[in-house]
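Take a look at the structure below.
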Amino acid sequence: MRAQNPEGARLGLKEWLEERGIRRLFPVQELALQKGLTEFKNLLVSAPTGSGKTLVAEMAIKNALDNGYKAVYLTPLRSLAFEKYASLKKIFKDSKVALSVGDYHAPEVGEADVLVATYERMDSLLRHNSPWLKEVGTVVVDEVHYVGDEERGPTLEVVVTRLKLMGKQIVALSATVGNPEDLASWLDAELVTHDWRPVKLEEGVMDPSSYEVLFEDRVEEVKEVLSDPGLDAALHYMREGQALYFASTRKRAENAAKKISKLLKPDKVTKEWAERVRIEVEGELGEVLAKMVERGAAFHHAGLTNEARLLVEEAFRSGAIKFVAATPTLAAGVNLPARAVVIERYTRYTDEGEAPISVSEYKQMAGRAGRPGLDVKGTSVLVARPKAPPEEVYERYVLGQPEDVRSALTSARALRRSLLGLIASKAVNSEAELVEFIEETLFGVTEGAANAIDDARRSLEFLKGAGLVEGVKATPLGTVVAKQYVDPLGAKVVLGALKRRKGKTTALGYLHLVAVTPDMPKRGLRSSEVRELWRVAEERFDELLIRDDEYVSESTALSALKVALALESWVKEEPEEVIAKKYGFYPGDLRVLSDTAAWLVHAYSEIAKFVGLYKHSEALAELELRLKYGVSEELVELVQIPYIGRVRARALWNAGIRSKEDFVKRADLAARVVGKGVVKRALEAMGLGYGLVKWVKP
DNA sequence: AATAGCTTCATTTAGACAGCATGTC
DNA sequence: CTAAATGAAGCTATT
């Protein structure tokens, strides 16, 4: 990609900046221009939060648009994508900005000038060979250090490598990492680094026994109030503004918020927020949260529903809430800076017991301190472990260098997924091309491709064995599996089981089958549950399609059974709260499970249809609707009426309204059950004006 | 006899993308 | 190779 008129474009950029009231550029911004941002050079900007990376991205987009190209902005999280979409829409008023993430795929993507998408969504667009991509000149990759992530990194690595090979300008933004040179060389990019921040960040380490916080240039004493070092530190710095508290578990986050809330006083504004929380967050959790919000504190973790999380974020951003205790959801995700950050622990339980978090993770959290434009400085406090010398902790984390980013493209799971995607979308058509591609990945560039190629050959064999690939070409089935975006191994397991199963299959059977798949998040089992789960497994043995399998271990089958049972309760209309209690989930957890299951059931319905398993396909399609709404078979039709969910549908059914037709014909009765307004809106949405229906006063 | 309070022992521990076509109580 | 908070169960002291 080359600019038609670099000089003109550059002038345009200057004027555009002035119009936005930006007269002076931050160091990374200046450097990015010097290193060829407007000449469509690839860039890797590796700098701390707040150093001005955002404007570099915006300038790159502006430059692409001015030269007649389209631009793409990639982020790792849906929440960030929504934020970015909103802000880019404001900035580029004259251009079409579109958003494409799992939840939401804008219909106008085909004509968008700027597209904001998650990595996986971009992967999907590449797999579909969307013609729109040809017009893209620049791709901004936010948080590119995610390539090192075991789970999500491989997809990003493949996506960016493909875009690079397509000749797109890559403007990659990264937190500070240990080896920016490696990333730059992978991207064929000019390296832009600078450690300047607009708000000074003071990082301290607290000795929990002496209550002293060790900073670079001084030691500060914290007053002991609650006999909890972390919370007392938060209280200490809250005198100067809001505090963000990173807790090590959900429970601890909740307790922290509860304790702090007791020391704060309600006012008019917090009471209003509490009222909103009460209305919008259902059940016990809503009540618990509302009580704290009323006094200006809150907690934030993935057990909360999305709505609840957004509410907490908004309340904090507005200033009403003074204290938020969060698990790492908030560290990488939302842009929610605070005057002070307190990190209560730097160790975390893992499979191998207690393990220290990485320096990068620490920096990610600490970097949230200091609100640009509001604070002169930000303060972060890391609480040392009781017996650890604070000086050593300071050395390790505050003075420590973030770790190197290494390719994660090596795991079998990552390879088989990526490979199928590459082959199905014809990005590689021969072994030679495959090798060439791998040489261009981060793995190939930094470690030499030989090892990766060996592993890739093995994955290729697996794909062939599963009937997804022949030679280096995708079979029709392989194309469908790639399009549905499920793990090839899951597809193999599921198809095998469906083919074997001739007789009738219950919801539990299907749910267990998809839950066994690698795409379904696994819930750990509590030891008290294991016995009961074995009992159920025996009792309902005939319903299960997978008992043991070459690719499914007994333990995953058992924990999948737990997930399947919880989802079965969901589609049997048990109240969310009852399910949550029974299985030890939070409402947010259940939402994630039912969403994921709905996606998988949909995908496998399509795949089953493709191979001629029509009965299974239809049953799965019905189950998808049941999962989405949490209803039994008989309510599936009703729930498809606009504004009718699981609760209203059940009420209608019990009143004798059993179908859409009933609903329309007996609108008077329906109105008595769910209210006049709902019926009116529903009929209008279905294209039937309210006037068509006679209203009978109850 | 009921119960608050303490001790002991076992148990548990963060997060979150994707398909598809539009609106819960 | 590694910890610590939580919660249930069991027990004692108190009213």
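Residues in the first sequence are numbered consecutively from 37, following the numbering used here.
Virtual Cβ for every residue (Gly too), placed ideally from N, Cα, C.
What are the start and end residues of the alpha helix (DSSP H) that includes Glu239?
-> No alpha helix (DSSP H) contains Glu239, which is instead part of the beta strand (DSSP E) from 236 to 243.
Enumerate in chain order the residues of its own chain whose CB-to-CB distance from Lys106 is below 6 angstroms, with the five nearest sequence positions on each side excluded.
-> Same-chain partners within the cutoff: Asp149, Glu171, Val172.
Quick check: the stretch 490 to 508 against the stretch 451 to 461, are there 3 or more CB pairs under 8 angstroms?
-> By the Cβ criterion, the stretch 490 to 508 is in contact with the stretch 451 to 461, since at least three pairs of Cβ atoms, one from each stretch, lie closer than 8 angstroms.
Alpha carbon of Gly503 to alpha carbon of Lys528, nearest angstrom = Each residue's alpha carbon lies about 8 angstroms from the other.
Looking only at its own chain, which residues have a Cβ that is under 7 angstroms from the Cβ of Leu647, when we skip the five neighbours before and after it?
-> It should be pointed out that residue 647 corresponds to Val in this sequence rather than to Leu. Cβ within range, chain order: Leu513, Leu531.
Opposing strand residues paired with Lys170 [DSSP bridges] = As DSSP reads the structure, Lys170 sits in no beta bridge.
Per DSSP, which residues does Asp268 bridge with? Please list them.
-> BP columns for Asp268 are empty, so no partner.
In terms of alpha-carbon separation, which member of Arg562, Leu594, Tyr385 lies closest to His548?
-> The residue with the shortest Cα to Cα distance from His548 is Leu594.
Among Ala543, Met556, Trp606, which one has its Cα closest to the Cα of Leu581?
-> If you compare the alpha carbons of Ala543, Met556, Trp606 with that of Leu581, the shortest gap goes to Ala543.
Reference Ser160, options Glu427, Val522, Leu201, Pro611, closest by Cα | Ranked by Cα distance from Ser160, the first of Glu427, Val522, Leu201, Pro611 is Val522.
What residue range is occupied by the uninterrupted alpha helix (DSSP H) comprising Ala362?
-> Careful: Ala362 lies outside any alpha helix (DSSP H), inside the beta strand (DSSP E) at 359 to 362.
Which residues in the same chain as Thr266 place their Cβ atom closer than 6 angstroms to its Cβ, once the five residues preceding and following it in sequence are excluded?
-> The sequence as given places Gly at residue 266; Thr does not occur at that position. Only residues of its own chain outside the window of five on either side were considered, and among them Val378, Glu380, Val419 have a CB closer than 6 angstroms to the CB of Gly266, listed in chain order.
Beta-bridge partners of Phe335, as assigned by DSSP = Ala361, per the DSSP bridge assignment.
Uninterrupted beta strand (DSSP E) stretches inside the stretch 377 to 403 (no shorter than 3 residues) | Listed in chain order, the beta strand (DSSP E) elements of length 3 or more contained wholly in the stretch 377 to 403 are 383 to 386, 389 to 392.
Beta-carbon contacts of Lys645 that lie in its chain and below 6 angstroms, excluding the five residues immediately before and after = Short of 6 angstroms from the beta carbon of Lys645, and not among the five residues preceding or following it, lie these beta carbons of its own chain, in chain order: Ser653.
If you run the structure through DSSP and keep just helix, strand and coil, what is Tyr140?
-> In the displayed model, Tyr140 falls within a strand according to three-state DSSP.
Among Ile677, Gly681, Arg684, Ala402, which one has its Cα closest to the Cα of Glu697?
-> A check of alpha carbon separations from Glu697 across Ile677, Gly681, Arg684, Ala402 identifies Ile677 as the nearest.
Across which residues does DSSP place Gln205 in a beta bridge pair?
-> Residue pairing from DSSP places Gln205 in a beta bridge opposite Thr174.
Whether Ile206 touches Leu219 by CB criterion (8 angstroms) | No, Cβ-Cβ distance for Ile206 and Leu219 is not below 8 angstroms.
Determine the burial state of Arg38: buried for a count of at least 16 other Cβ atoms within 10 Å of its Cβ, exposed for fewer.
-> Bear in mind that the predicted position of Arg38 carries a pLDDT of just 48, short of 50, making it too unreliable to give a figure here.
Measure the CB-CB distance between Gly184 and Ala444 and report whether it falls below 8 angstroms.
-> Closer than 8 angstroms, so yes.
Using three-state DSSP, classify Asp159 as helix, strand or coil.
-> Asp159: helix per DSSP, three-state reduction.
Best match in Leu101, Gly88, Ile127, Ala405 for proximity to Arg56 [C-alpha to C-alpha] = Nearest of Leu101, Gly88, Ile127, Ala405 to Arg56, Cα basis: Ile127.
In chain order, what residues of the same chain have a beta carbon less than 7 angstroms from the beta carbon of Ser221, not counting five sequence neighbours either side?
-> Only residues of its own chain outside the window of five on either side were considered, and among them Val481 have a CB closer than 7 angstroms to the CB of Ser221, listed in chain order.
Inspect the CB distances between the stretch 344 to 352 and the stretch 380 to 393 and report whether three or more fall short of 8 angstroms.
-> Because the criterion of three Cβ pairs below 8 angstroms is not met, the stretch 344 to 352 and the stretch 380 to 393 do not touch.
With Val258 and Leu250 assumed to form a contact (beta carbons below 8 angstroms), what rounded beta-carbon distance in angstroms separates them?
-> The beta carbons of Val258 and Leu250 sit about 11 angstroms from each other, so the pair does not count as a contact at 8 angstroms.
Based on Cα-Cα distance, which residue from Gly203, Trp52, Gln65, Tyr140 lies nearest to Lys129?
-> Comparing Cα-Cα distances from Lys129 to each of Gly203, Trp52, Gln65, Tyr140, the minimum goes to Trp52.
Among Ser668, Glu590, Glu431, nearest to Glu609 - alpha-carbon criterion | Measuring C-alpha to C-alpha distances from Glu609 to each of Ser668, Glu590, Glu431 identifies Ser668 as the nearest.
Ala292 - DSSP class collapsed to helix/strand/coil = Of the three classes helix, strand and coil, the one that applies to Ala292 here is helix, per DSSP.
Limits of the alpha helix (DSSP H) - the one that Phe118 falls within | In the DSSP assignment, Phe118 falls within the unbroken alpha helix (DSSP H) covering 114 to 127.
Do you know offhand how far Val710's Cα is from Leu603's?
-> Rounded to whole angstroms, Val710 to Leu603 spans 26 angstroms at the Cα level.
Endpoints, beta strand (DSSP E) assigned at Leu418 | Its beta strand (DSSP E) spans residues 413 to 419.
Proximity winner among Ala596, Ala691, His336, Ala450, relative to Arg286 (alpha-carbon distances) = The residue with the shortest Cα to Cα distance from Arg286 is His336.
DSSP three-state call for Tyr622: helix, strand or coil?
-> Per DSSP, reduced to three states, the secondary structure at Tyr622 is coil, with no helix or strand assignment.
Cross-strand partners of Glu257 (DSSP beta bridge) = The partner list for Glu257 (beta bridge, DSSP) reads Glu248.
Beta-carbon gap between Gln65 and Leu101 smaller than 8 angstroms | The beta carbons of Gln65 and Leu101 sit no closer together than 8 angstroms.
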